[in-house]
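Here's the structure we're looking at; comments come further down.
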Amino acid sequence: MNLLPYKGDLPRIADDAFIGEGSQIIGDVEIASRVGVWFNCVLRGDEQKITVGENTN
């Protein structure tokens, strides 16, 4: 997992979220409780905020 800031925004990830190996989470991204972001996914919060709600993947 690679967490990267973008324009001063850092990803926010719940402690019990699963982030698969090879994933890139960039900028203004919020990942809630019991979320799965699977292997090699890229979430880019560079233009708009990305919110992944509870119990989703």
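Note that the numbering used here numbers the sequence shown so that position 3 is 4, with each residue one more than the last.
We put the CB at the ideal spot given by N, CA and C, even for glycine.
Residue i classed as buried or exposed, judged by whether at least 16 other C-beta atoms fall within 10 angstroms
i, result
"D29", "buried"
"P6", "exposed"
"V38", "buried"
Secondary structure of residue i, DSSP reduced to three states
i, result
"E48", "strand"
"G23", "coil"
C-alpha distance - residue i paired with residue j, whole-angstrom precision
i, j, result
"P12", "S34", "14 Å"
"G9", "D47", "10 Å"
"I51", "I27", "10 Å"
"D17", "Q49", "24 Å"
"F19", "T57", "11 Å"
Proximity below 8 Å, CB of residue i to CB of residue j
i, j, result
"F40", "G21", "yes"
Among the options, the one whose alpha carbon lies nearest that of residue i
i, options, result
"Q25", "F19, V36 and N3", "N3"
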